[in-house]
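Undergrad: Before anything else, here's the structure in question.
Right, here's the structure in full:
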């Protein structure tokens, strides 16, 4: 597999959009667990980050393009605040579903609600406040094209 075929295959790794937001299946590997086979609490941050990154990717927004100014001026997103409820554990070999949806799309910030489920059981619930910043780390407004893409519904 090479070229466009590989790129098309890899695109499927980014999950999928739904009318409510974005879904990303994630398998729990040995490296994600503690000595008892339960997911180590900090690993959930990785799963949530992947969900946010692929949420952007499915809306046609890549981190490289944000930084190089493709959407207007160079920018980045930075997590400013996160509330997480750890409700139930995941275990090695579980296939989880990371859900991400926008609850507020402002000029210089985004509020996201994320959850991690095993089948239909809610394991993790998170609220994430994301700031829009310049490459130098200063707050800035979100380019209109980025806001427009994030306001789009599922395809």
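Residue numbers (UniProt numbering): 1 to 155.
Every residue, glycine too, gets a C-beta built ideally from N, C-alpha and C.
Buried or exposed: which applies to residue 99, given that a residue is buried once 16 or more other Cβ atoms fall within 10 Å of its Cβ?
TA: Start at 1 with the first residue of the chain shown, and residue 99 comes out as number 99. With 16 or more other Cβ atoms within 10 Å, it is buried.
Undergrad: Throw me the rounded Cβ distance for the residue 58 and residue 81 pair, which I believe falls under 8 angstroms.
TA: Translated into positions along the chain shown, residue 58 becomes position 58. Translated into positions along the chain shown, residue 81 becomes position 81. Not a contact, Cβ separation roughly 24 angstroms.
Undergrad: Helix, strand or coil: which one does DSSP assign to residue 54?
TA: In the chain shown, residue 54 corresponds to position 54, counting from 1. Note: residue 54 maps to helix in three-state DSSP.
Undergrad: Name the residue from 49, 62, 107, 12 whose alpha carbon lies nearest to the alpha carbon of residue 147.
TA: For the purposes of this step, residue 147 is taken as the residue at position 147 of the chain shown. Among 49, 62, 107, 12, the Cα nearest to that of residue 147 is on 107.
Undergrad: Taking all protein chains shown into account, do 16 or more other C-beta atoms lie within 10 angstroms of the C-beta of residue 154, making it buried, or fewer, making it exposed?
TA: Counting from 1 along the chain shown, the entry for residue 154 is found at position 154. With a pLDDT of only 42 at residue 154, under the threshold of 50, the placement of this residue in the model should not be trusted, and no figure is reported.
Undergrad: On the DSSP letters alone, give me the boundaries of the alpha helix (DSSP H) that residue 68 sits inside.
TA: Translated into the one-based positions of the chain shown, residue 68 becomes position 68. Counting along the chain, the alpha helix (DSSP H) containing residue 68 begins and ends at 63-68.
Undergrad: Apart from the five residues on each side of it in sequence, which residues of its chain come closer than 8 angstroms, Cβ to Cβ, to residue 130?
TA: As a first step, residue 130 must be located in the chain shown, where it is residue number 130. The answer, listed in chain order, is 52, 77, 78, 79, 80, 109, 110, 111, 112.
Undergrad: Can you check whether the C-beta of residue 43 is within less than 8 angstroms of a C-beta belonging to chain C?
TA: Protein chain content of the structure displayed is limited to a single chain, and chain C is not contained in it.
Undergrad: On the CB-based measure, 16 or more other CB atoms within 10 Å of its CB, does residue 93 come out buried or exposed?
TA: Numbered from 1 along the chain shown, position 93 holds the residue referred to as residue 93. Residue 93 comes out exposed.
Undergrad: I need the straight-line Cα distance from residue 102 to residue 74, nearest angstrom please.
TA: For the purposes of this step, residue 102 is taken as the residue at position 102 of the chain shown. For the purposes of this step, residue 74 is taken as the residue at position 74 of the chain shown. Rounded to the nearest angstrom, the two C-alpha atoms are 22 angstroms apart.
Undergrad: What three-state label does DSSP hand residue 21 in the structure shown?
TA: In the chain shown, the residue the question calls residue 21 occupies position 21. The answer is strand: DSSP assigns residue 21 an E or B state.
Undergrad: Note down the Cα distance separating residue 72 from residue 145, rounded to an integer number of angstroms.
TA: As a first step, residue 72 is located in the chain shown; it is residue number 72 there, counting from the start. As a first step, residue 145 is located in the chain shown; it is residue number 145 there, counting from the start. Approximately 8 angstroms between the Cα atoms of the pair.
Undergrad: Starting from residue 122, follow its DSSP beta bridges and name the residues at the other end.
TA: What you label residue 122 is simply residue 122 of the chain shown in a count that begins at 1. DSSP output for residue 122 lists 117 as bridge partner(s).
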